[in-house]
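Take the sequence shown: its position 132, counted from the start at 1, is 132 in the UniProt record's numbering, and no numbers get skipped.
The beta carbon of each residue, even a glycine, is placed where N, CA and C say it ideally should be.
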Amino acid sequence: MKGESSTTDAWPKRMIRFLSSRRYFIHSIVALSILLLAVILQFIPAVQHSIQPLLRGCQNPHYTIRTLSYDPLILHIENFITLQESKRLREIVPFYELSKVALPNGTVLFSDRRTSSTAYLPGDDLLVQCLKKRAAEFQGYVGVENIESLQVTRYLEGQHFKHHYDWTPDPRQVNETTNRETTIFAILEADCSMCGTEFPALAINWTLEDNKWCRFVDCNSTEALTIKPIPGSAIFWRNLHSDGSGDARTMHAGQKVERGVKVGLNIWTRREITWGLH
Ligand SMILES: O=C(O)CCC(=O)C(=O)O
Ligand SMILES: [Fe+2]
Numbered sequence: 001m002k003g004e005s006s007t008t009d010a011w012p013k014r015m016i017r018f019l020s021s022r023r024y025f026i027h028s029i030v031a032l033s034i035l036l037l038a039v040i041l042q043f044i045p046a047v048q049h050s051i052q053p054l055l056r057g058c059q060n061p062h063y064t065i066r067t068l069s070y071d072p073l074i075l076h077i078e079n080f081i082t083l084q085e086s087k088r089l090r091e092i093v094p095f096y097e098l099s100k101v102a103l104p105n106g107t108v109l110f111s112d113r114r115t116s117s118t119a120y121l122p123g124d125d126l127l128v129q130c131l132k133k134r135a136a137e138f139q140g141y142v143g144v145e146n147i148e149s150l151q152v153t154r155y156l157e158g159q160h161f162k163h164h165y166d167w168t169p170d171p172r173q174v175n176e177t178t179n180r181e182t183t184i185f186a187i188l189e190a191d192c193s194m195c196g197t198e199f200p201a202l203a204i205n206w207t208l209e210d211n212k213w214c215r216f217v218d219c220n221s222t223e224a225l226t227i228k229p230i231p232g233s234a235i236f237w238r239n240l241h242s243d244g245s246g247d248a249r250t251m252h253a254g255q256k257v258e259r260g261v262k263v264g265l266n267i268w269t270r271r272e273i274t275w276g277l278h
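This is the structure we're talking about:
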């Protein structure tokens, strides 16, 4: 029967005709080009950082933690941020402004105590979100909503941040119910000399310690614990005592950069303070 044979025989014939057609050829070229483009884009860092978290979730680098101080807790985290991530973060910095300091009464002002520049990373960037997640996970899965906007801070030659605390003495004075419990200060770039982070209340006699430490700290510094800025590495410390009050031993400074440039990243985690309940 004419009608039957035409429907049963038609599809293989139509298939062969389609496969040998110009339309099929064009479709194949378009599909292959899209595939090729996707493969090439994977190798472009900017694309990697925006596509990969979508495809594979946030990836943490393999970092190494060393304890610098038990009390107050200060840890050195080697390779907390990969060099590729640092490069991308520096690329997405919107604009730098002269840094400000906050007084205990909440007044925020320019000061010759802090002469660096700062910028805030866009919170909707996937890499920024992954970093917040990494910092939260590092601290035992604290809520990412407790982490402040990530602040990049850049020092050029001659710039510094004199001794200060990251916590505020009384959050109520600045209409806050939270204070900065911890700081993660990571280094995005450091091509400089005399540009470490120093803790004057925590001087360590390095001659009594393993000299492997001298890779990470200034072993000649006897007046303060001075941590060298190493790109990708971070320092983590706890600013508050368990009762919520500030730990004065966490006073620290960004040394005056003698030569070159240092770019750091502040990741601050806040904690609710419940006065009188401890
Ligand atoms: O630059 C440094 O080493 C420390 C920076 C710092 O303490 C801060 O930005 O609060
Ligand atoms: Fe600080």
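Item: Specify, as a first and last residue, the run of the alpha helix (DSSP H) that Lys133 falls within.; Value: 126-138
Item: Quick test of your reading: Thr250 and Pro72, contact by CB under 8 angstroms. State the CB separation rounded to the nearest angstrom.; Value: 6 angstroms
Item: Mapping the DSSP letters down to three states, classify Met1 as helix, strand or coil.; Value: Because the pLDDT at Met1 is just 42, under 50, the model does not fix this residue reliably, and the value given afterwards should be weighed accordingly. Here Met1 sits in coil by DSSP.
Item: Beta-carbon separation of Gly246 and Tyr165 under 8 angstroms?; Value: yes
Item: I'd like to know whether the C-beta of Ile65 is nearer than 8 angstroms to at least one C-beta of chain D.; Value: Although the question refers to chain D, the structure presented lacks it and comprises just one protein chain.
Item: Could you tell me if the beta carbon of Asp166 falls within a distance shorter than 7 angstroms of some heavy atom in ligand 2?; Value: yes
Item: Pull up the distance between the alpha-carbon of Ser233 and that of Asn266, whole angstroms please.; Value: 12 angstroms
Item: Helix, strand or coil for Ala190? Go by DSSP, reduced to three states.; Value: strand
Item: Could you give the uninterrupted runs of the beta strand (DSSP E) lying entirely in the segment 168-213, keeping only those of 3 residues or more?; Value: 178-193, 197-199
Item: My guess is that Glu189 and Val261 are in contact by the Cβ rule of under 8 angstroms, so how many angstroms apart are they, rounded?; Value: 6 angstroms
Item: How is Phe236 classed by DSSP in three states: helix, strand or coil?; Value: strand
Item: Are Phe185 and Gly264 touching if we call contact CB-CB under 8 angstroms?; Value: yes
Item: Check whether the Cβ atoms of Ser86 and Pro231 sit closer than 8 angstroms, and answer yes or no.; Value: yes
Item: Can you check which of these residues, Met194, Glu223, Cys130, Thr115, is closest to Asn205 by C-alpha distance?; Value: Glu223
Item: Going by DSSP in three states, Asn146 sits in which element: helix, strand or coil?; Value: helix
Item: Taking the alpha-carbon of Leu127 as reference, which of Val93, Thr226, Gln255, Ile26 has the nearest alpha-carbon?; Value: Val93
Item: For Gly3, does the count of other Cβ atoms within 10 angstroms reach 16, so buried, or fall short, so exposed?; Value: Unreliable positioning characterises Gly3 in this predicted model, as indicated by a pLDDT of 44, which lies under 50. The coordinate reading is nonetheless provided below. Counting Cβ neighbours within 10 Å, Gly3 comes out exposed, since fewer than 16 surround it.
Item: Given Tyr155, which residues of its chain have a CB within under 6 angstroms of its CB, disregarding the five upstream and five downstream residues?; Value: Ser116, Val257, Lys262
Item: For the candidate residues Glu148, Ser111, Thr182, Leu89, whose alpha-carbon lies nearest to that of Gly140?; Value: Thr182
Item: Please give me, in chain order, every unbroken run of the alpha helix (DSSP H) with length at least 4 that falls completely inside the segment 32-101.; Value: 45-56, 83-92
Item: Suppose contacts are defined by Cβ-Cβ distances below 8 angstroms. Is Thr226 in contact with Gly196 by that definition?; Value: yes
Item: Quick check: the segment 207-217 against the segment 170-177, are there 3 or more CB pairs under 8 angstroms?; Value: no
Item: Pick out whichever of Phe110, Glu145, Leu109 has its Cα sitting closest to the Cα of Arg270.; Value: Glu145
Item: Give me the residue from Leu121, Trp11, Gly158 with the minimum Cα distance to Cys192.; Value: Gly158
Item: Between Ile248 and the rest of its own chain, which residues show a CB-CB distance below 8 angstroms, the 5 nearest in sequence each way excluded?; Value: Looking at the sequence provided, one finds Ala at residue 248 rather than Ile. Around Ala248: Tyr165, Ala201.
Item: Is Phe185 near ligand 1, judged by its Cβ being under 7 angstroms from some heavy atom?; Value: yes
Item: DSSP state of Ala253, grouped into three classes?; Value: strand
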